[in-house]
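In what follows, a structure is listed as structure tokens, so that the remarks can point back to it.
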């Protein structure tokens, strides 16, 4: 792998391109180099006026000259004879202006390269011929039979740019090639007009009540051509919202002749598209510059319509910025982060000191200070050691643990300046990034962390040191004080898998605070809706299961990031923000029992309750949550809730995408969570069972209450209604006696309690609670299957788990509509299971019908009832012969 500084620059350039736009066609050429004879008038085998770089690391014995026998489109090219050293040659400066954008295309051919690579650079110079911008192509290495096309751009020059210079490079890292060949040819630069959509914090994050303004800057237009600016606005589901088309004319006399036109005020024109306030959500602006009916430039930008909020001082959500780049909008990042619902941010600090920008360290320090002022705790990432330190490990590099397990004299000099500059602003430091596994299972882990902490404490105070871990390895239990573990997997965990890992982590003894890093799904493999739903569910899961901090990984990542490099939001910003703002600093209280079994989690903060609810299948839940409830989807869009005029209950249309319910009445939510059965289950026996309804007055005053218990048909309850008085914070107990009918089915039954509560006003609350018939000591399982010949086979399994062990006998009856009941007898069932089979003709006629299996205990009070619908689990009409079934049964008995 080639990791030269030039290749690193190329990667940084790629990271900044998503919003730069795409060249379509019709670029105008401004310079080209084909290295033919006319470009070597002095016949010195070098292109005229080109200059070769000299100095340490650039030996002149690397032969660079025009090859007169090989070319891409002509007869000649520029050849480098690789010989163990770097080599660079630059073109003469060519005048350009800052009104145009520029596109580069060239061709490279390489032979026999293993470690070296060919690259092409573009430098923009100011009027003093000092470089102010630098761009590098992708590296080309190996052996190529054909020429490799290399492109860059469109590249937008800064306002002070006056010249352009091309560079041809051979570069390598620690290892180098001592032989090989590189050819460069047909280096070409073209210009085209500039189209920029102005970007800043206030344009990317727009308050719901504010006017939308999209400002496009256009320059470099040719008066001899006709231009048009097309703009389109779409939402997160790519739905068309609005559009605009404006002819751009350069002559005043054309203004009246061309409909919907604008006269350009000079060569540099800014056009503002104004839109009325938009609904909450994510939006993308797509702009096209049309020249003579052909699209020549396309640009995109995004914005989110939100309610701007004041940042909270504490919370559990955070972001990770894994790569330090001068392209990051560090001045606006604190403001953006404050609107994202985060209180933690990881930022790489080890390599800031190596920046070529002398102001960079101060800019980063100011940014960290601004984070702290907004209640966001910075975490210094020590994940990119200086090249000089890193190079000493060569091929043995596994991660930064290799550095920190060395004596402190080895690594502390490289960090002294970092610690001195930033420990007054940063108390938390993570050794290695969230992909560094080198500390996992490390012996003497605590000693290593203590050694680093002692160095930090020489300058700072109250410092915390942490490392990355993964879910595959048991978490360290013997942890050092003021340390933390940041947990992340290379493989993404689903919400269910994450819940399992977090539950296991909660059971493990001791340990440091557990920080969880979530990596969203990649945009190239999943739909926007699926990615948003997955991220929201994992955030809620990590929150309710007690993760100490919940991070989004690499928020500027092209595939799964929350932000673009210019600070504009990606599709995932709003799902993250919506959940984080809702749950930031909230405490988990539990979950409601909803009649249609929707997954939900209830949180409390200040004076509100927050409920997050979803269901794998579309359904409706009816529930009263208070008078001021605000419902949103994960994109922050408001959801209108229907309410019953009499009961005031809300109807929630629940689906797979989480619904977030804010400003729910906290006292009602707590009342609902507190109300429950004292026992909540009974033996599977005919007769009466005592129980009680327990609860607590969660209102801030004394209340009078009326409660009514709603039970399945046929059950007898005495009493079924109560009137009670209870003081603020007092508990209540409402005794009852339940008598179950002989045909009561086993399993979980839905029981509800209606409360009329008289406090400062009347509240009507229905609380759903499960009631279990059967203690689980005796279980009934039934499976039905269609056999060959349209025969229905019903398998009955009764399991005896009684403790102390009872020997059981049952008389079993199968009730079939319009047929005589079928019977089986179970005798002397000790611990274990008994299996019986029933065979019924005409299986198709019974599909969808309800059957009833009843097992009455002989010489006992137990009555086991089981009802089910035939054919619910028939995936396919999987017919098999009864003879084959008997063979399977014989094998099973053996």
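Residue numbers (this note's numbering): 5 to 898.
We put the beta carbon where it would ideally sit given N, CA and C, even for glycine.
Check, Outcome
"How many whole angstroms separate the CB atoms of residue 661 and residue 637, which I take to be in contact at a CB cut-off of 8 angstroms?", "6 angstroms"
"Who are the near neighbours of residue 288 in its chain, counting only those whose CB is closer than 7 angstroms to its CB and skipping five residues on each side?", "238, 304, 306"
"For residue 878, which residues of its own chain have a beta-carbon under 7 angstroms away from its beta-carbon, when the five flanking residues on both sides are left out?", "790"
"Which stretch, first to last residue, makes up the beta strand (DSSP E) that contains residue 783?", "782-791"
"If you follow the alpha helix (DSSP H) that residue 407 is part of, which residue opens it and which one closes it?", "405-408"
"From residue 147 to residue 395, what distance separates their C-alpha atoms?", "27 angstroms"
"Can you tell which of 795, 743, 726 has the C-alpha that lies nearest to the C-alpha of residue 761?", "726"
"Evaluate residue 448 with the Cβ neighbour count: other Cβ atoms within 10 Å of its Cβ, from every protein chain shown; 16 or more gives buried, anything less gives exposed.", "exposed"
"Looking only at its own chain, which residues have a Cβ that is under 8 angstroms from the Cβ of residue 567, when we skip the five neighbours before and after it?", "340, 559, 560, 573, 574, 577"
"Quick check on the burial criterion: 16 or more other C-beta atoms within 10 angstroms. Buried or exposed for residue 553?", "buried"
"With distance defined between alpha-carbon atoms, name the residue in 338, 806, 724, 796 nearest to residue 848.", "796"
"Do residue 124 and residue 136 count as a contact pair if the criterion is CB distance below 9 angstroms?", "no"
"Quick check on DSSP: helix, strand or coil for residue 450?", "helix"
"Kindly provide the ranges of any beta strand (DSSP E) runs that are 3 or more residues long and lie completely inside the segment 751-826, ordered along the chain.", "751-762, 766-777, 782-791, 795-804, 812-819"
"By the 10 Å Cβ neighbour count, where 16 or more other Cβ atoms means buried, how is residue 835 classified, buried or exposed?", "exposed"
"DSSP three-state call for residue 28: helix, strand or coil?", "For residue 28, the predicted structure reports a pLDDT of 37, less than 50, and the residue's modelled location is therefore unreliable. The matter cannot be settled from this model."
"Give me, in chain order, the residues of the same chain whose beta-carbon lies closer than 7 angstroms to that of residue 182; leave out the 5 immediate sequence neighbours on both sides.", "87, 88"
"I think residue 434 touches residue 490, with their Cβ atoms under 8 angstroms apart; what is that distance to the nearest whole Å?", "6 angstroms"
"Just verifying my parser: in three-state terms, what is the DSSP assignment at residue 123?", "strand"
"Taking all protein chains shown into account, do 16 or more other C-beta atoms lie within 10 angstroms of the C-beta of residue 41, making it buried, or fewer, making it exposed?", "exposed"
"Would you call the segment 617-637 and the segment 645-658 touching, i.e. three or more CB-CB distances under 8 angstroms?", "yes"
"In terms of residues, what are the limits of the beta strand (DSSP E) holding residue 381?", "381-386"
"What number of angstroms, rounded off, separates the C-alpha of residue 612 from the C-alpha of residue 673?", "9 angstroms"
"Quick one: what does DSSP say residue 333 is sitting in, helix, strand or coil?", "coil"
"With burial defined as no fewer than 16 other Cβ atoms inside 10 Å of the residue's Cβ, what is the status of residue 249: buried or exposed?", "exposed"
"Would you call the CB atoms of residue 313 and residue 585 closer than 9 angstroms?", "yes"
"What residue range does the alpha helix (DSSP H) around residue 415 cover?", "412-426"
"Mind listing, in chain order, the continuous beta strand (DSSP E) runs of no fewer than 3 residues lying wholly within the segment 609-679?", "612-618, 623-627, 634-636, 654-658, 663-669"
"Under the rule that 16 or more other beta-carbon atoms within 10 Å means buried, what is residue 361, buried or exposed?", "exposed"
"Hey, could you find the ends of the beta strand (DSSP E) residue 223 is sitting in?", "216-223"
"DSSP state of residue 319, grouped into three classes?", "coil"
"Kindly confirm or deny that the segment 528-541 and the segment 273-284 touch, where touching means at least three C-beta pairs closer than 8 angstroms.", "no"
"Sorted by chain position, which residues of the same chain lie with C-beta nearer than 7 angstroms to residue 632's C-beta, five sequence neighbours on each side aside?", "667"
"For the alpha helix (DSSP H) containing residue 58, name the first residue and the last one.", "Careful: residue 58 lies outside any alpha helix (DSSP H) and carries neither H nor E."
"Looking at the secondary structure, which residues open and close the alpha helix (DSSP H) in which residue 394 lies?", "391-394"
"Residues in its own chain within less than 7 angstroms of residue 602 by CB, not counting five upstream and five downstream?", "617, 618, 619, 623, 625, 658"
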